[in-house]
Amino acid sequence: QVRLVESGGGLVQPGGSLRLSCATSRSIFSIRTMGWYRQAPGKERELVAIFTSLSRTNYADSVKGRFTISRDNAKKTVYLEMGSLKPEDTAVYYCNADYGPLGSFWGQGTQVTVSS
Numbered sequence: 418q419v420r421l422v423e424s425g426g427g428l429v430q431p432g433g434s435l436r437l438s439c440a441t442s443r444s445i446f447s448i449r450t451m452g453w454y455r456q457a458p459g460k461e462r463e464l465v466a467i468f469t470s471l472s473r474t475n476y477a478d479s480v481k482g483r484f485t486i487s488r489d490n491a492k493k494t495v496y497l498e499m500g501s502l503k504p505e506d507t508a509v510y511y512c513n514a515d516y517g518p519l520g521s522f523w524g525q526g527t528q529v530t531v532s533s
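Numbering (our numbering), first residue to last: 418 to 533.
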């Protein structure tokens, strides 16, 4: 079993910034994929940003140029730097780690609210 712990959510004004962190209990050095998803009220969970197995990154079109995903292998942590936040970015943000045959794991989620 792999445990993921997210942190960094909160309330921010439009145009503001937040950094989310996702710490895992298992090494991420050769992980298949690891990334961030979000789910707004009444909507399906959607991909926000992700590291692939080749350490390439993919972003949702809606966050390109505003969000940056990064990782620290030594700390077994993935980050999501969110800038120029908009009210439509309001959602619960979830971290996912896919270890291939070992399974895919989710964090508990962290609320991000963008409001004036």
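No residue lacks a Cβ here, since even glycine has one placed at the ideal position from N, Cα and C. Small disclaimer: the values here were computed from a predicted structure and weren't measured.
Strictly by DSSP, which residues pair up with alanine 440?
Val422 and Thr494
Quick test of the definition: if touching needs 3 or more C-beta pairs under 8 Å, does the region 517-525 touch the region 481-500?
no
Applying the 10 Å Cβ sphere with the 16-neighbour rule, what's the burial state of glycine 426?
buried
Is the beta carbon of serine 589 less than 8 Å from the beta carbon of methionine 499?
An answer regarding residue 589 cannot be provided, because it is not within the stretch 418 to 533 covered by the chain.
In whole angstroms, what separates the C-alpha of glutamine 456 from that of leucine 502?
16 Å
Determine the direct distance from the alpha carbon of glutamate 461 to that of threonine 441, and round the result to whole angstroms.
24 Å
Opposing strand residues paired with isoleucine 467 [DSSP bridges]:
Gly452 and Asn475
If we count the other Cβ atoms within 10 Å of its Cβ and call it buried at 16 or more, is phenylalanine 468 buried or exposed?
buried
Reduced DSSP secondary structure (H/G/I, E/B, other) of leucine 428:
strand
Look up leucine 519 in the DSSP assignment and say whether it is helix, strand or coil.
helix
So which of Arg483, Ser487, Gly459 and Arg436 has the shortest CA-CA distance to threonine 450?
Ser487
Backbone CA spacing between glutamine 430 and phenylalanine 484 [nearest angstrom]
16 Å
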